[in-house]
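The opening position of the sequence shown corresponds to residue 4 in this note's numbering, with each subsequent residue numbered one higher.
Built from N, CA and C at the ideal position, the CB exists for glycine as well.
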Amino acid sequence: AGWHKNATEVIRKMAKQRHAVPELMRPGLGSNAWCIGPGHTAEGVGAILANDPHLDTGIPTFFYESHMCSKGLDGKSREQGLHCAGMSVPGIPGMVLPGHNDHVAWGVTLSMCDVEDVFVELCSSDERDYDARLGFAPFYLHTPEGGDEVVKAAMEVHEHEIEVKGWNDPVTYHSADTRHGPVISRLGHELQTAMDGATAAAASDAGDDSMNFEISYSARHLRADLYKNFVVFLGVLRSKSAVEVRQRFSQLVSPSLNICIADREGNIAYQTSGKVPRRSCRPGEETLPLEGWTWENEWLGDIDDLPWAYNPPEGRIVTANHKIIDPNIYPHHLGDLWQDGFRAKTIHDCLDRCGDQVTVRDCEDVQGSSESRSAGLEFVSHYRGVRFDDDAVSRAVREMCAWNGDLSVDSVGAAIYKSVFSYALKGIFDSILAKADLGEAEAEFFEESLRGHGFSSVLKAFNECKSILTGNTLRVLRKGEGTLAERDRRAILRKAAEEGVAFLERRFGADMAGWRWGRLHRLRLQHPLADRLGMADVLNLDFPHCGDSTTPNQATYDLSLGAGGEPCFDIVKSSGAVAACRLVMTPSDWDGSRSCVTCGQSGKWGSRHYTDQEPLFRGSRGKPMVFSRKRVEEACVNIYKFEI
């Protein structure tokens, strides 16, 4: 395809259009979930299911913990009612995800299956086709199914009325759909020239030899009526076994999730949920925008045998947004958007150390783990035996090489590692871009995209780079395996150590005892009214946080260099993510389950529930998640009755 043949030209042209699309990037998000069969847990514990979704959270937290018990529609029968507990979205108490009912528990992580595509559309720029409501001409080129000629077709135009607070009249907005979905941006002729002769050929086939067309984007995804997902989840809430829950979630249309399941009988199960398309393009091509005017890139329905498991022989199922299948065995292409497997490996390593006696406390410890031995210690190993003339740099590098791989808040070695790593990443970009035929603007755009910013909202190949940036950096630096010449590799590592140490000296002085990871890496929880009311010091909360994107206790941050070209490791809303809640559920005794949210249930300052769970969150501990009526009544503090 023309789009894929000329990548350098595409980057050059897109750099000039970098501000044409609103910034849609989100921080690197992800979650952990695992379930363990009773043969691998401590005596009397039964199966365990642990889940900690990671989101860009604030005050109040994203989730609201709820417990709902209702009668049936007849107002009498509890058999037809609902009894469930877990994490819900405020205002929808019964939709607990993660959570459990009387019989089964379920937890979720993003599957990272690729369920969306972006298409480059050739759209008319003929003034006779112009539609003032849209600001462009709603006509485009495509090849009908079964045909071999490109034809001109009209888009579907939709009118939307948007109510605005304080305005008397609604705002009218018009959108347009191609056969692939809604048009999400228009980039004009600059980007069109990045396409090769396929563009001209398509326009010529449509009978427009004047090339009177421009580029637009349309996004295709598997859409479903919202009520269908509610019907599926209602069935989940009424399920009585792991088998039934797995089957129910297999009917979910979207989103695509990893579902971990454990029931009271000790069964564990897994299901990939959501519809995933079968594509006609070659595997991997879907990571870049596809040519929309041919039939070669269309979807061929959805995959009907998504991955699942039931009581696997190893007695454990772990999901952490990593690749869940063996591509040599599983017959379908699920995409190339997987996150690296560092968190998953650490979870397995931690559970392995527990042997076959895993407890609830052990699972809480794993959720709070800040180990980064696979990623961190591999990077540090490049510095063993390296000599520096500067005594301060030599001492810092020795401290880093003695580091145990734990990104704890008090670790000096962790602070040195993360600072040096940040400058090594910059050095790699500088080295690669210096050898590419790119101008200053194009090089800046390319680096921004790979760090998770800029135009990458429509380029999945760039959009997901931030999630695997650590793994890719380690691959580049491996001696004899990476793309760097050995001389360049040594130079990057040496300069990164010097710059990283200089950065820490500027921030904290020459005494290494003050270079602690928690001083660099803070979680800043923001209240939505804090700035408006001028009460940031009162309403907001911040504290040191361990970990990074590679640890089970994930704490991601903006990968870009901040003011003055220096890294900023703070975790803030919209540019960082942490666990929004943690649950460890025990189906054999629901009252033995534990849970917590990031800070508290309430968003009202002064409430005792504003930040009362912060100590639990920081210590990776949960409060009792009581479920039986007896335990609930014992724990009850206030009762509110609403009579209609």
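Shown here for E299: same chain residues with a beta carbon closer than 7 Å to its own, the five before and five after excluded, namely S283 and C284 in chain order. With respect to the C-alpha of Q529, the residue from E367, D392 and C602 having the closest C-alpha is C602. By the criterion of at least three beta-carbon pairs nearer than 8 Å, the segment 632-642 is not in contact with the segment 88-108. S552 and E646 have their C-alpha atoms roughly 48 Å apart. C-alpha of Y613 to C-alpha of T64: approximately 10 Å in a straight line.
With distances taken between CA atoms, P555 lies nearest to A347 out of I327, F66, G474 and A347.
In this structure I39 touches V361 by the C-beta definition: roughly 6 Å separates them, less than 8 Å. Counting only the Cα atoms, L125 lies some 43 Å from L237.
Spatial neighbours of V423 in its own chain (CB-CB distance under 6 Å, excluding positions within 5 residues in sequence) are listed in chain order as A499, A500 and G503. Residue environment for K231: exposed (fewer than 16 other C-beta atoms within 10 angstroms of its C-beta). The continuous stretches of alpha helix (DSSP H) do not include T559, and DSSP gives it neither H nor E. Taking C-beta separations shorter than 7 Å and ignoring five residues to either side along the sequence, the partners of D365 in its chain run C357, following chain order. Around the beta-carbon of A437, fewer than 16 other beta-carbon atoms lie within 10 Å, marking it exposed. CA-CA distance, D132 to F142, rounds to 7 Å. For C404, the secondary structure class from DSSP, reduced to helix, strand or coil, is helix. Within its own chain, the residues whose Cβ lies closer than 6 Å to the Cβ of V239, once the five positions on either side in sequence are excluded, are V248 and R251, listed in chain order. In the three-state scheme derived from DSSP, where H, G and I count as helix and E and B as strand, I95 is classed as coil. Judged by beta-carbon spacing, N54 lies beyond the 8 Å limit of I350, meaning their Cβ atoms are not closer than that value. The C-alpha of A88 is placed about 14 Å away from the C-alpha of V600. Between the beta-carbon of R585 and that of S605 there is about 18 Å, and that puts the pair past the 8 Å contact cut.
In the structure shown, the three-state DSSP call for H43 is helix. For L260 against S114, the beta-carbon gap comes to about 5 Å, under 8 Å, which counts as contact. If you ignore the 5 residues before and after D491, its C-beta comes within less than 7 Å of the C-beta of S434, all in its own chain and listed in chain order.
As computed with DSSP, V575 is found in a beta bridge with R527.
S578 and A378 have their C-alpha atoms some 22 Å from each other.
The alpha-carbon separation between W341 and R281 amounts to approximately 18 Å. Residue state for M515 is assigned as helix, using DSSP reduced to three classes. Classified as buried, H145 has 16 or more neighbouring CB atoms from the shown chains inside 10 Å of its CB. Annotation: the segment 303-384 contains the following complete segments of the alpha helix (DSSP H) (minimum length 4 residues), in chain order: 345-356, 363-370 and 376-384. V107 is a Cβ neighbour of P590, given a cutoff of 8 Å. Annotated as proximal: G33 and Q557, with beta-carbon spacing under 8 Å. The C-alpha of G567 lies about 47 Å from the C-alpha of M158.
Straight through space, the alpha carbons of L487 and L507 are spaced by roughly 27 Å. According to the DSSP assignment, D120 belongs to no alpha helix (DSSP H) but to the beta strand (DSSP E) extending over E119 to S127. Shown here, P280 sits in a strand according to DSSP, grouped into three states. For R597, the three-state secondary structure derived from DSSP is strand.
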